[in-house]
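Peer 1: Take this structure first; my questions come after.
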Amino acid sequence: MKLLLDIENAYGKVGRIPDRKQLRCWATAALSNVRQTAELSVRIVSEAESAELNRRYRHKEGPTNVLSFPADLPPDLELPLLGDLVVCAPVVEREAGEQHKSIEAHWAHMVVHGCLHLIGHDHIEDNDADIMEALETRILTDLGFSPPYQQYDASEQQIPHD
């Protein structure tokens with residue numbers, strides 16, 4: 039699969055942000071069974087920017103882990119452009135700790151999840167959520183990660199050390 043990937047780190051920090059190779063790997067894994075070529079942008083943002091976009095476009099308060107903005111192209115126009123993903127680095131890092139996942143595993147999950155939204159999947163209805171979660175699980179386990187929706191015991195949560 040040919041993937042044109044534009045990455046913008048508007049968050050500014052680079053410490054626990056995946057590199058281009060990782061982002062490309064995860065997006066390709068999510069899209070390779072449905073597209074021969076694809077083009078998308080990934081923008082890494084702060085909580086403030088995520089909250090503003092979430093409020094403006096989803097009418098929900100607060101930051102969120104990933105937002106997907108599919109390209110609004112006419113159906114007869116065959117371009118590889120899928121759209122944009124906006125990933126909130128601090129939320130992904132916090133959720134990884136809360137869910138007892140590595141930051142890398144949660145980043146992979148958010149990129150796969152966002153890419154699936156770009157190609158038309160959603161999780162509004164229970165049946166659609168089951169389909170999307172099964173796809174995410176297959177893609178992520180094929181990449182070597184644990185199933186993303188496995189339950190964890192909050193009483194076993196460990197305090198992260200820097």
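First residue of the sequence shown? That's 39 in our numbering, and the numbers climb one at a time after it. C-beta: ideal position from N, C-alpha, C; glycine also. Bear in mind the structure is a predicted one, so any value in this text is a computation, not a measurement.
Using a Cβ-Cβ cut-off of 8 angstroms (strictly less than) and excluding sequence neighbours within five positions of Arg58, which residues of its own chain qualify?
Peer 2: Numbered from its first residue, the sequence shown carries residue 58 at position 20. Leu43, Ile45.
Peer 1: Would you call Asp200 buried or exposed, if buried means 16 or more other Cβ atoms sit within 10 Å of its Cβ?
Peer 2: In the sequence shown, residue 200 corresponds to position 162, counting from 1. Only weak support exists for where Asp200 lies, its pLDDT of 32 falling under 50; the coordinates are left without a value.
Peer 1: Taking the runs of the alpha helix (DSSP H) that are 4 residues or longer, which of them lie wholly in the region 72-155?
Peer 2: 85-96, 127-136
Peer 1: Using 8 angstroms for Cβ pairs, my map puts Leu156 next to Pro108. What's the rounded Cβ distance?
Peer 2: For the purposes of this step, residue 156 is identified with residue 118 of the sequence shown, where counting begins at 1. For the purposes of this step, residue 108 is identified with residue 70 of the sequence shown, where counting begins at 1. Contact holds; Cβ gap of about 5 angstroms.
Peer 1: Determine whether the beta carbon atoms of Ala76 and Leu123 lie at a separation below 8 angstroms.
Peer 2: Stepping through the sequence shown from its first residue, residue 76 is reached at position 38. Stepping through the sequence shown from its first residue, residue 123 is reached at position 85. Against a cut-off of 8 angstroms, the Cβ pair of Leu123 and Ala76 comes out as no contact.
Peer 1: Around the C-beta of Pro185, are 16 or more other C-beta atoms found within 10 angstroms, so that it is buried, or is it exposed?
Peer 2: Looking up residue 185 in the sequence shown gives position 147. Classification for Pro185: exposed.
Peer 1: If distances are taken between C-alpha atoms only, which option among Lys40, Ile169, Ala67, Glu87 comes closest to Ala48?
Peer 2: Locating residue 48 in the sequence shown gives position 10, counting from the first residue. Of the candidates Lys40, Ile169, Ala67, Glu87, the one whose C-alpha sits nearest the C-alpha of Ala48 is Glu87.
Peer 1: With C-beta atoms as the reference, is Cys126 less than 8 angstroms away from Glu171?
Peer 2: Translated into the one-based positions of the sequence shown, residue 126 becomes position 88. Translated into the one-based positions of the sequence shown, residue 171 becomes position 133. No, Cβ-Cβ distance for Cys126 and Glu171 is not below 8 angstroms.
Peer 1: Could you tell me whether the Cβ atoms of Val130 and His144 are closer together than 8 angstroms?
Peer 2: Sequence index remark: in the sequence shown, residue 130 carries index 92 (1-based). Sequence index remark: in the sequence shown, residue 144 carries index 106 (1-based). Cβ distance < 8 angstroms, so Val130 and His144 count as in contact.
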